[in-house]
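Protein chains: 2
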Amino acid sequence: MSHGNIATLETPALLLERPRMQANIARMRARMKTLNVAFRPHVKTAKCVEAALAMCGGSPGPITVSTLREADFFSGHGFTDILYAVGITPNKLPHVQALLARGIRLTVILDNIDSARALVDAVAATGMRAGALIEIDCDGHRAGVLPDSPLLLEIAGILAAGGVTVAGVMTHAGGSYECHSDESLRAMAEQERARTVHAAQRLRAAGHAAPVVSVGSTPTALFAQDLGGVTEVRAGVFVFFDLVMAGLGVCGVDDIAASVLTTVIGHQREKGWTLVDAGWMAMSRDRGTAAQAVDQGYGMVCDVRGLALPDYIMIAANQEHGIIAHRHGEANAALDVPVGTQLRILPNHVCATAAQHARYQILEGGGTVEAVWERVGGW
Amino acid sequence: MSHGNIATLETPALLLERPRMQANIARMRARMKTLNVAFRPHVKTAKCVEAALAMCGGSPGPITVSTLREADFFSGHGFTDILYAVGITPNKLPHVQALLARGIRLTVILDNIDSARALVDAVAATGMRAGALIEIDCDGHRAGVLPDSPLLLEIAGILAAGGVTVAGVMTHAGGSYECHSDESLRAMAEQERARTVHAAQRLRAAGHAAPVVSVGSTPTALFAQDLGGVTEVRAGVFVFFDLVMAGLGVCGVDDIAASVLTTVIGHQREKGWTLVDAGWMAMSRDRGTAAQAVDQGYGMVCDVRGLALPDYIMIAANQEHGIIAHRHGEANAALDVPVGTQLRILPNHVCATAAQHARYQILEGGGTVEAVWERVGGW
């Protein structure tokens with residue numbers, strides 16, 4: 001059903017090129033098939049039922065969530081196998097119990113003794129049957145137990161003694177976002193695999209079944225050469241891709257499926273500035289490309305059809321104002337288009353940009369909005 | 001009505017200390033009274049009916065909005081005098097017309113001939129009666145016509161000839177966010193006043209009534225010594241204040257009314273890290289203090305009662321993970337509190353942080369949530 005031409009949309013608005021999304025998904029799913037590993041897409045990027053279904057191959061499958069609000073939302077749309085991939089805390093256990101009571105197979109993660117004890121206590125008090133993965137630190141990036149730490153077996157022991165299934169281990173190679181070559185991405189993927197499998201083997205040697213070995217990040221998922229011992233892969237940002245991923249060499253700019261539609265509201269010609277009605281509220285404050293070889297400011301400019309104008313970036317952003325200029329600051333090279341002209345801005349980090357919007361305007365390669373897909377937000 | 005103790009809140013959650021907000025509002029309103037100028041608070045920070053009413057002194061008054069969605073929302077709650085403070089574009093004129101047709105006194109702004117012609121054409125086509133302010137560039141920061149530019153009179157001439165009321169001029173001294181002393185803030189306030197009044201005088205000399213001279217930013221509103229010739233002031237961030245404002249010396253850390261409640265989810269003790277369940281999704285990616293004398297990372301840590309722990313900041317943020325550490329990176333000075341401990345994080349830029357949340361949990365100085373106030377978001 002057509003929802004009209006994008007020329008009639010009030011701006012800013014979040015556009016999604018569905019064919020690009022489908023191609024990104026097909027690429028990832030083919031890679032998972034080649035590597036002979038199960039796929040548990042992370043829905044924190046899209047936060048959208050239609051996109052999650054596409055990531056799962058058309059019908060509900062295993063997913064990863066970043067909030068219990070996402071777990072509520074997706075479980076209400078037929079997704080019953082959910083990994084909540086942020087360390088569990090006592091104040092969230094009643095919510096976990098409510099999801100389990102509704103028949104959702106919710107798995108939680110933890111990396112410390114306090115959380116293990118809190119989970120065991122909740123199981124004893126309520127009789128809930130929660131599976132838990134122990135989070136492994138594979139790259140020093142964030143959370144997790146080191147693969148060789150005695151803590152790993154200590155946590156598993158507390159869980160097992162308390163009637164909590166030690167389902168296995170999980171990790172996220174967030175360090176892959178700082179890799180600067182294909183070679184280093186391949187090495188990071190192998191490090192992620194090897195360290196996590198090693199942790200699982202230690203658990204098994206200590207008598208825990210620990211069947212699950214879950215790894216994940218978009219760069220390592222696409223650059224892994226072998227995933228021996230890994231049982232599932234999680235990835236999210238690949239669904240739309242973004243300038244950070246393009247900067248890493250994980251995708252091309254033409255693979256980026258999501259963009260912000262904006263309208264020119266004025267010029268400051270002597271400075272080479274073109275002002276638009278998308279500021280940080282529409283783009284987010286994410287400056288993920290600032291640390292990369294090519295800084296894309298607050299995003300790369302495209303014309304209204306989506307053709308990249310790679311010399312132009314959003315150099316500054318206020319709440320509802322963006323300033324577009326030539327990337328080398330040449331005032332006489334200003335983007336000289338009339339007030340009212342629509343442009344698209346490609347995002348640095350699409351998880352952050354999409355989170356600023358309530359819905360996607362779905363395009364099929366033309367200028368007509370073919371559908372509107374809603375997002376879920378908050379906690 | 002009590003909504004329970006904050007200990008039972010699922011985190012992250014946005015807290016608002018109502019007495020601090022009231023004190024911030026009282027300070028601003030007293031300042032406006034002393035300066036003998038009308039106040040038109042900007043609701044883009046709070047985006048909340050209860051807060052907007054408090055800013056207006058208890059009942060609906062003139063407000064400033066940053067989106068037409070805000071205009072819809074607040075006009076539905078009794079606010080009928082609304083300035084939409086982003087340059088108007090043709091694709092928004094049907095929405096403007098719809099608001100005017102509902103009896104809302106909506107004023108738009110513009111700074112160029114294309115927009116003036118589009119507005120005049122819409123008036124001719126629909127008979128709508130829109131008032132317009134011409135935006136003035138008082139500090140080179142963003143949009144607007146230079147006060148001495150011939151363009152100012154050209155735009156006014158097009159509007160007047162087309163039956164659009166030239167209501168006056170407006171500016172925003174965004175440059176005040178880069179001032180580093182009380183003296184420079186006072187000078188910026190005077191520059192904002194003088195240049196905008198000068199532009200209005202040029203319009204009047206050319207035969208336009210131009211009764212409105214509207215200026216605004218929280219720092220200049222609080223540091224202005226004299227507002228002769230100014231008819232109204234707009235300001236928004238003062239309602240809650242934030243670390244950027246504290247860094248400017250415009251408020252103290254203890255004046256900051258909004259914070260993000262979070263829970264400790266783990267530690268990486270050898271690095272001095274405490275991990276919490278508030279990441280950039282809860283804090284925003286705003287790093288506004290990075291350019292100030294004291295960089296507050298992604299926010300300053302407080303204990304659960306709101307007492308600042310100024311040695312601790314959020315040094316890094318992923319989507320749903322924050323990393324808290326000693327501000328000087330001393331691993332042996334880690335914030336050693338158990339998993340499950342609640343903390344509060346003060347925001348760099350409260351407009352951005354609040355925008356990540358759907359509602360405020362209202363506190364009255366204690367640990368009980370006394371009310372829940374909803375926000376409006378999107379476009």
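Just so you know, the protein sequences line up as chains A and C, in that order.
Quick note on numbering: this note's numbering labels position 266 of the first sequence as 266, and the sequence is numbered without any gaps.
Quick note on numbering: this note's numbering labels position 232 of the second sequence as 232, and the sequence is numbered without any gaps.
Glycine residues also receive a C-beta, built at the ideal position from the N, C-alpha and C atoms.
These numbers come from a predicted model, not from an experiment.
Give the straight-line distance between the Cα atoms of residue i and residue j, rounded to the nearest whole angstrom.
i	j	result
glycine 207 of chain C	glycine 249 of chain C	42 angstroms
asparagine 5 of chain C	glycine 365 of chain C	12 angstroms
tryptophan 178 of chain C	valine 215 of chain C	Here residue 178 of chain C turns out to be glutamate, not tryptophan, going by the sequence shown. Glutamate 178 of chain C and valine 215 of chain C: Cα-Cα distance of roughly 17 angstroms.
alanine 173 of chain A	threonine 220 of chain A	7 angstroms
alanine 54 of chain C	isoleucine 113 of chain C	38 angstroms
valine 49 of chain A	glycine 76 of chain A	10 angstroms
isoleucine 313 of chain C	arginine 287 of chain C	12 angstroms
phenylalanine 73 of chain A	glutamate 10 of chain C	16 angstroms
alanine 46 of chain A	threonine 64 of chain A	12 angstroms
glutamate 192 of chain A	serine 176 of chain A	9 angstroms
threonine 218 of chain C	alanine 189 of chain C	10 angstroms
arginine 204 of chain C	aspartate 226 of chain C	21 angstroms
glycine 87 of chain C	glutamine 268 of chain A	13 angstroms
leucine 153 of chain A	arginine 142 of chain A	20 angstroms
proline 347 of chain C	alanine 257 of chain C	10 angstroms
arginine 341 of chain A	leucine 99 of chain A	Correcting the residue identity first, residue 341 of chain A is threonine in this sequence and not arginine. Distance between the alpha carbons of threonine 341 of chain A and leucine 99 of chain A is about 47 angstroms.
methionine 300 of chain C	arginine 327 of chain C	9 angstroms
lysine 44 of chain C	valine 239 of chain A	32 angstroms
alanine 325 of chain C	leucine 14 of chain C	21 angstroms
leucine 93 of chain A	alanine 125 of chain A	11 angstroms
alanine 409 of chain A	alanine 210 of chain C	No information on residue 409 of chain A is available, as it lies outside the stretch 1 to 379 that chain A covers here.
glycine 229 of chain A	valine 213 of chain A	7 angstroms
leucine 222 of chain C	alanine 194 of chain C	16 angstroms
threonine 262 of chain C	isoleucine 323 of chain C	11 angstroms
leucine 35 of chain C	arginine 234 of chain C	13 angstroms
arginine 102 of chain A	valine 96 of chain A	10 angstroms
methionine 28 of chain A	glycine 58 of chain A	14 angstroms
Which word fits residue i, buried or exposed, when buried means at least 16 other C-beta atoms lie within 10 angstroms of its C-beta?
i	result
valine 37 of chain A	buried
glutamate 70 of chain C	buried
serine 181 of chain C	exposed
valine 294 of chain A	exposed
alanine 307 of chain A	Inspection of the sequence shows that residue 307 of chain A is occupied by leucine rather than by alanine. Label assigned to leucine 307 of chain A: exposed.
arginine 18 of chain C	buried
asparagine 332 of chain A	exposed
glycine 329 of chain A	exposed
alanine 290 of chain A	exposed
glutamine 22 of chain C	exposed
arginine 129 of chain C	exposed
proline 12 of chain C	buried
serine 2 of chain A	exposed
aspartate 336 of chain C	exposed
proline 41 of chain A	buried
lysine 33 of chain A	exposed
serine 115 of chain C	buried
aspartate 139 of chain A	buried
Does any C-beta atom of chain D lie closer than 9 angstroms to the C-beta of residue i?
i	result
alanine 358 of chain A	The structure shown contains no chain D; the protein chains it does contain are A and C.
What whole-angstrom Cβ distance do residue i and residue j have, given they're in contact under 8 angstroms?
i	j	result
leucine 110 of chain A	leucine 119 of chain A	7 angstroms
serine 259 of chain C	arginine 359 of chain C	Not a contact, Cβ separation roughly 14 angstroms.
glutamine 319 of chain A	glycine 247 of chain A	In fact, because the Cβ distance is near 26 angstroms, the residues do not count as touching under 8 angstroms.
arginine 117 of chain C	isoleucine 158 of chain C	6 angstroms
leucine 363 of chain A	valine 372 of chain A	The Cβ separation is near 11 angstroms, so there is no contact.
alanine 419 of chain A	glycine 279 of chain A	Because chain A in this structure spans residues 1 to 379, residue 419 of chain A falls outside the shown range and cannot be described.
threonine 196 of chain C	isoleucine 136 of chain C	5 angstroms
glycine 163 of chain C	valine 108 of chain C	Not quite, the Cβ-Cβ distance comes to about 14 angstroms (not below 8 angstroms), so this is no contact.
In chain order, what are the residue ranges of uninterrupted alpha helix (DSSP H) at least 4 long that sit wholly in the region 93-125 of chain C? Counting only runs of 4 or more, we get 93-101.
In chain order, each beta strand (DSSP E) run of at least 3 residues that lies wholly inside the region 196-258 of chain A: Secondary structure in the region 196-258 of chain A: the beta strand (DSSP E) runs of 3 residues or longer, each lying completely within the stretch, are 212-216, 232-234 in chain order.
Chain A contacts from the region 5-27 of chain C (Cβ-Cβ distance under 9 angstroms): Those would be Ala7, Thr8, Leu9, Glu10, Thr11, Pro12, Ala13, in chain order.
At a CB distance below 9 angstroms, what residues from the region 276-297 of chain A approach chain C? Give them in sequence order. Of all residues in the region 276-297 of chain A, only Asp277, Gly279, Trp280, Met281, Ala282, Ser284, Arg285, Asp286, Arg287, Gly288 come within less than 9 angstroms of chain C when Cβ atoms are compared, listed by chain position.
Taking a Cβ distance cut-off of 9 angstroms, strictly less, list which residues of the region 309-323 of chain A are near chain C, in chain order. Shown in chain order are the members of the region 309-323 of chain A whose Cβ falls below 9 angstroms from a Cβ of chain C: Ala316, Asn318, Gln319, Glu320, His321, Ile323.
Chain-ordered residues of the region 166-198 of chain C with a beta carbon less than 8 angstroms from chain A: Of all residues in the region 166-198 of chain C, Gly174 have a Cβ within less than 8 angstroms of some Cβ in chain A.
Determine which residues of the region 141-161 of chain C have a Cβ less than 7 angstroms from any Cβ of chain A, and write them out in chain order. Listed in sequence order: Arg142, Ala143.
What are the residues of the region 89-112 of chain A that lie near chain C, defined by any Cβ-Cβ distance shorter than 7 angstroms? Along the region 89-112 of chain A, going in chain order, the ones with a CB nearer than 7 angstroms to a CB of chain C are Thr89, Pro90, Asn91, Lys92, His95, Asp111, Asn112.
Determine which residues of the region 337-354 of chain C have a Cβ less than 7 angstroms from any Cβ of chain A, and write them out in chain order. Of all residues in the region 337-354 of chain C, the ones placed with a Cβ closer than 7 angstroms to any Cβ belonging to chain A are Pro338, Val339, Gly340, Cys351, Ala352, in chain order.
Contact set between the region 40-61 of chain A and chain C, restricted to residues whose Cβ is under 7 angstroms from the partner: Cβ contacts with chain C come from Lys44.
Which ranges would you report for the beta strand (DSSP E) in the region 38-80 of chain A if only whole runs of at least 3 residues count? Entirely contained in the region 38-80 of chain A, the beta strand (DSSP E) runs reaching 3 residues are, in chain order, 63-65.
Using a Cβ-Cβ cut-off of less than 7 angstroms, give me the residues of the region 213-247 of chain C that come near chain A, in sequence order. Flagged: no residues at all.
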